[in-house]
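I have placed the structure first, in the form of structure tokens, so that the comments after it can refer back to it.
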Amino acid sequence: MSEHGWLPLLPEAFRTEVLRRSALMRFAPGDTVFRLGDPAGGVYGLVTGALAVSLAPAGAMPRLTLLGVPGPWTGEGCFLTRKPRRCELQAIVKTTMFHLPLDAMDQMAALNPEVARYVALMLMMNVEYLFRVIHDLQKPEADRRIASVLQRTTWMKGSQAEKEARAALTD
């Protein structure tokens with residue numbers, strides 16, 4: 002969590018505050034972290050384990066879209082829109098996550114207007130990852146699509162999206 006993903010890109014004081022206000026949660030294989038349509042909540046950072054991430058447009062059945070690997074955070078949509086969850090997270094193996102509750106995020110944002118920009122950075126990192134998923138799903142050969150899924154499990158650590166986000170923060 003301190004080397005990859007969203008959190009290490011941000012100022013040390015903010016990182017410390019996120020970790021201070023976050024709860025460490027453990028999930029068994031098959032446990033649901035949250036479901037599509039659940040009430041608005043905070044963000045989650047994947048510490049260890051792996052997640053199945055299922056997405057769907059409004060009114061459709063969620064489908065497995067990608068696999069989450071340690072480092073990234075998600076759930077930012079609820080902070081930004083105050084609307085219910087737009088995806089589902091389910092533990093594939095024993096999984097540990099940080100959970101930063103929505104009310105804690107609101108308190109932090111009330112004290113520091115930069116928090117909204119920091120959360121927007123999380124959103125953009127997740128959008129970049131989804132661009133990769135969409136691109137890979139358009140490959141006509143099934144074996145290349147499968148290979149792309151396997152490659153993405155390592156893509157987030159040291160990813161191009163992470164490098165670009167790091168560069169944007171230093172500009």
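In terms of the working numbering, the sequence shown is residues 2 to 172. Glycine included, C-beta positions come from ideal geometry on N, C-alpha and C.
Item: Give me the Cα-Cα distance between E163 and G78, rounded to the nearest whole angstrom.; Value: Reliability of the predicted coordinates at E163 is poor, the pLDDT of 42 falling under 50, and no value is obtained from them.
Item: Would F28 pass as a contact of T96 if the rule is Cβ separation under 8 Å?; Value: yes
Item: Would you call P73 buried or exposed, if buried means 16 or more other Cβ atoms sit within 10 Å of its Cβ?; Value: buried
Item: Using the three-state DSSP reduction, which class does Q91 fall into: helix, strand or coil?; Value: strand
Item: So the candidates are T17, G43 and M26; which of them puts its Cα closest to the Cα of G50?; Value: M26
Item: Taking the alpha carbon of T82 as the reference point, which residue from E13, G6 and P40 has its own alpha carbon closest?; Value: P40
Item: If we ignore side chains and look at the alpha-carbon of each, how far apart do L8 and M2 end up?; Value: 7 Å
Item: Can you tell me where the beta strand (DSSP E) with G46 in it begins and where it stops?; Value: V44 to T49
Item: Look at the alpha carbon of Q161 and the alpha carbon of Q108, and state the distance between them as a whole number of angstroms.; Value: With a pLDDT of 43 at Q161, under the threshold of 50, the predicted position of this residue should be treated as unreliable, and no value is reported.
Item: Would you mind sorting L131 into buried or exposed? The rule is 16 or more other CB atoms within 10 Å of its CB.; Value: exposed
Item: Taking buried to mean at least 16 other C-beta atoms within 10 Å of its own C-beta, is G6 buried or exposed?; Value: buried
Item: So the candidates are G46, R146, N113 and G43; which of them puts its Cα closest to the Cα of F15?; Value: N113
Item: Compare the Cα-Cα distances from L101 to each of R21, L10 and E4 and report the closest residue.; Value: R21
Item: DSSP on G69, reduced to helix/strand/coil?; Value: strand
Item: Sort I135, E115 and G69 by Cα distance to M98 and report the nearest one.; Value: G69
Item: Measure from the alpha carbon of G38 to the alpha carbon of each residue in A57, F80 and L122, then state which is nearest.; Value: A57
Item: Comparing alpha-carbon positions, which option in D104, M125 and G60 lies nearest R87?; Value: G60
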